[in-house]
Amino acid sequence: MHNKNPRETHRGLLVWKTYKGRLTDLQVLAQIRKFGDEGLEFVAMKNSDTALMFCTNDGLGYAPKRLKMLNCRWKRSPNTYVQLRAEGAKLLLEVADE
Numbered sequence: 056m057h058n059k060n061p062r063e064t065h066r067g068l069l070v071w072k073t074y075k076g077r078l079t080d081l082q083v084l085a086q087i088r089k090f091g092d093e094g095l096e097f098v099a100m101k102n103s104d105t106a107l108m109f110c111t112n113d114g115l116g117y118a119p120k121r122l123k124m125l126n127c128r129w130k131r132s133p134n135t136y137v138q139l140r141a142e143g144a145k146l147l148l149e150v151a152d153e
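For the sequence shown, this note's numbering begins at 56 and goes up steadily by one.
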């Protein structure tokens, strides 16, 4: 039987948040801590207009409602942890230019 629910097959989760303008170092650290408290690991940052990327390989515990409360965007992925970090760094270049 084919499982069509991507939440169950796509355990990896990439989460990013973009900000208008640059954040100070203290603001960046506060945001990294905030997402870290949610169980997400910091991947990369682009600082032209600040964009932060986070990931977890246990994305099943993150319902859309929970992610919306963080006011961020996300993408589920079937990739392994190492692949997630590489995918996240690549995606960060694309989303920061939006």
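No residue lacks a Cβ here, since even glycine has one placed at the ideal position from N, Cα and C.
Cα-Cα separation between Thr105 and Leu78, rounded to whole angstroms:
The sequence position of residue 105 within the sequence shown is 50, counting from 1. The sequence position of residue 78 within the sequence shown is 23, counting from 1. Note on geometry: alpha-carbon atoms of Thr105 and Leu78 lie some 6 angstroms from one another.
Which same chain residues end up closer than 6 angstroms to Ala99 when comparing Cβ atoms and leaving out the 5 residues on each side of it in sequence?
Counted from its first residue, the sequence shown places residue 99 at position 44. Met108, Ala144 and Leu147, listed in sequence order.
Would you kindly report the start and end of the unbroken alpha helix (DSSP H) that includes Gly91?
Counting from one through the sequence shown, the residue named residue 91 turns up at place 36. That run of the alpha helix (DSSP H) goes Asp80 to Asp92.
Opposing strand residues paired with Gly67 [DSSP bridges]:
Within the sequence shown, residue 67 is the residue found at index 12, counting from 1. Bridge partners of Gly67: Ser132.
For the alpha helix (DSSP H) that contains Lys75, what are its first and last residues?
Here the question's residue 75 lines up with position 20 in the sequence shown. Unbroken run through Lys75: none, as it is neither H nor E.
Length of the line joining the Cα atoms of Lys72 and Arg131
In the sequence shown, counting from the first residue as 1, residue 72 sits at position 17. In the sequence shown, counting from the first residue as 1, residue 131 sits at position 76. If you draw a straight line from the Cα of Lys72 to the Cα of Arg131, it comes to about 15 angstroms.
What distance in whole Å lies between the Cβ atoms of Gly67 and Pro119, which are believed to be in contact at a cut-off of 8 angstroms?
In the sequence shown, counting from the first residue as 1, residue 119 sits at position 64. In the sequence shown, counting from the first residue as 1, residue 67 sits at position 12. Wrong, their Cβ atoms sit about 16 angstroms apart, outside the cutoff.
Starting from Leu122, follow the alpha helix (DSSP H) in both directions and report where the run begins and ends.
The residue you call residue 122 lines up with position 67 of the sequence shown. Its alpha helix (DSSP H) spans residues Pro119 to Met124.
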